[in-house]
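Chains as they are written, first to last, in the working numbering: chain A, 47 to 277; chain B, 47 to 277.
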DNA sequence: GCCCCTATTGAGCAAGTGTCCAACAGCAAC
DNA sequence: GTTGCTGTTGGACACTTGCTCAATAGGGGC
């Protein structure tokens with residue numbers, strides 16, 4: 047393969063790894079798969095990457111962070127705390143979220159076995175919860191929300207959402223995306239003493255719908271249609 | 047090793063497999079581990095078991111079903127629907143549930159990749175949800191609960207519980223077992239229009255606390271202290 | 001044009017996996 | 001005691017995994 051400067055090669059490796067991981071999951075990705083995806087040899091991967099654990103952890107972080115930043119961006123341009131919450135739910139349930147949520151499932155399951163991945167998963171999960179906690183605190187301070195324990199409420203809303211999406215992604219169960227949004231919205235309204243319906247509706251479509259979550263960052267357009275339970 | 051009649055040997059293999067799986071997780075269990083656990087040779091396992099996949103799927107079903115039946119038993123002897131719900135929460139959060147919950151995590155993550163395990167996981171998950179749906183319907187018919195959509199409420203309660211326990215088991219996060227019980231109880235009270243506090247309290251200790259969930263069914267007392275996040 | 005640095009190769013290692021199978025051994029029937 | 005069925009053994013096979021390393025080759029600096 048053509049000789050490349052280290053920085054570009056590193057980016058290529060990340061892209062290839064992300065593509066394979068999104069297609070096969072964290073647990074089923076091997077060095078050889080990544081090398082084949084780039085059209086190079088396995089040895090090259092290890093010339094740049096310390097260990098497989100490290101690489102998988104890095105890929106997971108990249109994909110998850112993309113989701114987090116996408117949600118943050120959507121919330122920033124949403125306005126009031128209530129509209130920010132709506133944006134949170136909309137981005138978390140956007141089509142295409144399925145294959146990225148599968149990575150969360152992989153990370154949770156592997157957390158107790160792969161220390162690096164476990165630490166990353168834990169850290170990002172807390173960050174995700176903090177996004178909710180912050181907007182809730184903001185809503186309380188502006189008087190939009192009424193909530194005695196923003197931190198606990200954030201854990202509960204996030205966990206309800208995770209638990210429901212889990213069923214959508216893992217089993218193709220008899221509940222749909224709209225039901226999940228509506229249920230979590232209803233729960234959040236109760237937790238924050240809002241009028242029923244305040245958080246409902248999908249008018250708040252984020253700016254660039256298909257770009258934020260799962261698309262590989264460059265070069266190699268991936269067929270990420272597999273593992274798409276939320277579609 | 048001593049010669050045994052096939053039925054007894056099959057039981058021994060199941061026990062050993064279960065012990066190893068609870069200790070190491072579905073993904074990290076090998077034929078050799080199971081053979082070593084019994085003190086016999088790997089070949090013997092395959093003399094009785096068609097494939098590893100089959101065996102793991104069977105072990106998962108056995109452990110999960112034990113949990114389900116344990117919860118059912120606790121609920122049967124609980125009395126009123128409200129007390130049954132309390133029993134449900136108590137058994138789902140009992141110490142020792144952690145390592146069995148890890149199996150659920152493994153199953154959810156692998157569901158989209160291993161058809162057999164996916165089907166089993168889906169089926170048992172729906173069964174688990176149905177337990178909740180049934181007691182809710184009972185409560186509605188006796189007038190104890192008020193609930194417009196028992197099936198949806200069951201999905202929501204179960205998902206909130208799963209999402210919270212997930213955080214306990216996967217990351218050792220800053221929330222505790224008591225908080226989870228109290229939070230889910232509070233949510234259920236809201237969903238069922240109950241007085242706050244109706245589902246709280248731990249007085250409803252089920253008959254045989256340590257037997258129902260994780261203990262191997264016979265012979266070999268296992269050190270199931272690993273992977274015990276809920277302890 | 002040459003040289004040297006280093007990106008890249010790909011065979012290969014050690015460890016691990018599920019699965020198979022010829023040989024062995026314990027036990028019941030005769 | 002001998003025979004035959006079959007539970008049991010453990011080495012072997014073919015394969016995968018992460019990772020290493022001597023050898024190769026491409027391209028910028030002189």
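We put the beta carbon where it would ideally sit given N, CA and C, even for glycine.
Check                                                                                                                                                                                           : Outcome
At a cut of 8 angstroms, does the region 175-186 of chain B reach the region 94-101 of chain B through at least three beta carbon pairs?                                                        : no
Under 8 angstroms between C-beta atoms, does residue 57 (chain B) make it to chain A?                                                                                                           : no
With distances taken between CB atoms, is the gap from residue 109 (chain B) to residue 146 (chain B) smaller than 8 angstroms?                                                                 : yes
Give the residues of chain A in contact with residue 221 (chain B), contact being defined as C-beta atoms less than 9 angstroms apart.                                                          : 198, 201
What is the rounded straight-line gap between the Cα of residue 176 (chain B) and the Cα of residue 231 (chain B)?                                                                              : 18 angstroms
What separation, rounded to the nearest whole angstrom, lies between the Cα atoms of residue 123 (chain A) and residue 235 (chain A)?                                                           : 21 angstroms
Would residue 164 (chain B) pass as a contact of residue 157 (chain B) if the rule is Cβ separation under 8 angstroms?                                                                          : yes
Taking only the alpha-carbon atoms, compute the straight-line gap between residue 59 (chain B) and residue 194 (chain A) and give it to the nearest angstrom.                                   : 52 angstroms
For residue 103 (chain B), return the contacting residues in chain A, with the cut-off set at a CB-CB distance below 8 angstroms.                                                               : Chain A residues near residue 103 (chain B): none, gap ~15 angstroms exceeds 8 angstroms.
When every heavy atom of the ligand ZN is checked, does at least one fall within less than 7 angstroms of the C-beta of residue 123 (chain A)?                                                  : The model on display carries no ligand, and the ligand ZN is accordingly not part of it.
Once you ignore the five residues that flank residue 207 (chain B) on each side, which residues in its own chain have a CB closer than 7 angstroms to its CB?                                   : 138, 230
Rounded C-beta distance between residue 128 (chain A) and residue 120 (chain A)? I'm assuming under 8 angstroms.                                                                                : About 14 angstroms separates the two Cβ atoms, so there is no contact after all.
What distance in whole Å lies between the Cβ atoms of residue 140 (chain B) and residue 159 (chain A), which are believed to be in contact at a cut-off of 8 angstroms?                         : Not really, about 24 angstroms apart at Cβ, beyond 8 angstroms.
Using the C-alpha atoms, what's the distance from residue 168 (chain A) back to residue 242 (chain A)?                                                                                          : 33 angstroms
Label residue 117 (chain B) either buried or exposed according to how many other C-beta atoms from any shown protein chain fall within 10 Å of its C-beta, with 16 as the threshold for buried. : buried
Comparing alpha-carbon positions, which option in B:85, B:228, B:67, B:202 lies nearest residue 151 (chain B)?                                                                                  : B:67
List the endpoints of the continuous alpha helix (DSSP H) containing residue 241 (chain B).                                                                                                     : Per DSSP, residue 241 (chain B) belongs to no alpha helix (DSSP H) and is neither H nor E.
Within the continuous alpha helix (DSSP H) that includes residue 102 (chain B), where are the two ends?                                                                                         : 98-122
So, is the C-beta of residue 243 (chain B) closer than 8 angstroms to a C-beta in chain A?                                                                                                      : no
Is the beta carbon of residue 203 (chain B) sitting closer than 8 angstroms to the one on residue 214 (chain B)?                                                                                : no
Which residues in the same chain have their Cβ closer than 8 angstroms to the Cβ of residue 239 (chain B), if we skip the five residues on either side of it in sequence?                       : 191, 192, 193
Just how far apart, CA to CA, sit residue 107 (chain A) and residue 71 (chain A)?                                                                                                               : 14 angstroms
Taking DSSP as the reference, what is the three-state secondary structure of residue 51 (chain A)?                                                                                              : coil
Determine the extent of the alpha helix (DSSP H) in which residue 134 (chain A) is found, giving its start and end residues.                                                                    : 127-138
Please name the residues in the region 146-160 of chain B whose beta-carbon is closer than 7 angstroms to at least one beta-carbon of chain A, in chain order.                                  : 148, 151, 152, 154, 155, 157, 158, 159
So, helix, strand or coil for residue 220 (chain A), using DSSP?                                                                                                                                : coil
Between which two residues does the alpha helix (DSSP H) holding residue 166 (chain A) run?                                                                                                     : 161-188
Does residue 227 (chain B) pass the burial test, meaning 16 or more other C-beta atoms within 10 Å, or should it be called exposed?                                                             : buried
Confirm, please, whether the CB-CB distance from residue 114 (chain A) to residue 170 (chain A) is below 8 angstroms.                                                                           : yes
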